[in-house]
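Residue numbers (the working numbering): 4 to 83. For glycine and all other residues, C-beta sits at the position ideal for the given N, C-alpha and C. Remember, it's a predicted structure, so these values are computed and weren't measured experimentally. Quick notes on the structure that follows.
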């Protein structure tokens, strides 16, 4: 149970920092930390063998989303 509280505390800290931070580039790592924390909380909260699959699916989806946001923020792919 201590691990769940630790993950929740890290998620809350990252949420506060992402909300307070003005610079979008500095905000993105905190959003990634929140995604890690949610995936970890899924595994720690659900006592089922498929919880790992659900956490992996959430993690992959959130990673793709974060990469899309970062790519858009950086200017995206240039097509000529």
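Minimum C-alpha distance to residue 34 - residue among 57, 65 and 55:
Position 31 of the chain shown, counted from the start, is the residue given in the question as residue 34. The candidate whose alpha carbon is nearest that of residue 34 is 65.
- What span of residues does the alpha helix (DSSP H) with residue 55 cover, start to end? Taking the first residue of the chain shown as 1, we reach residue 55 at position 52. Start and end: 54-77.
Nearest CA to the CA of residue 68: which residue from 46, 47 and 32? For the purposes of this step, residue 68 is identified with residue 65 of the chain shown, where counting begins at 1. Among 46, 47 and 32, the Cα nearest to that of residue 68 is on 32.
TODO: Please determine if the region 6-19 and the region 35-52 are in contact, where contact requires at least 3 C-beta pairs separated by less than 8 Å.
DONE: yes
- In terms of alpha-carbon separation, which member of 44, 78, 22 and 74 lies closest to residue 11? Reading the chain shown from its first residue, position 8 is the one you call residue 11. Among 44, 78, 22 and 74, the Cα nearest to that of residue 11 belongs to 44.
**OP:** Work out the CA separation of residue 42 and residue 74 for me, nearest whole Å.
**Re:** One-based indexing of the chain shown puts residue 74 at position 71. One-based indexing of the chain shown puts residue 42 at position 39. Rounded to whole angstroms, residue 74 to residue 42 spans 22 Å at the Cα level.
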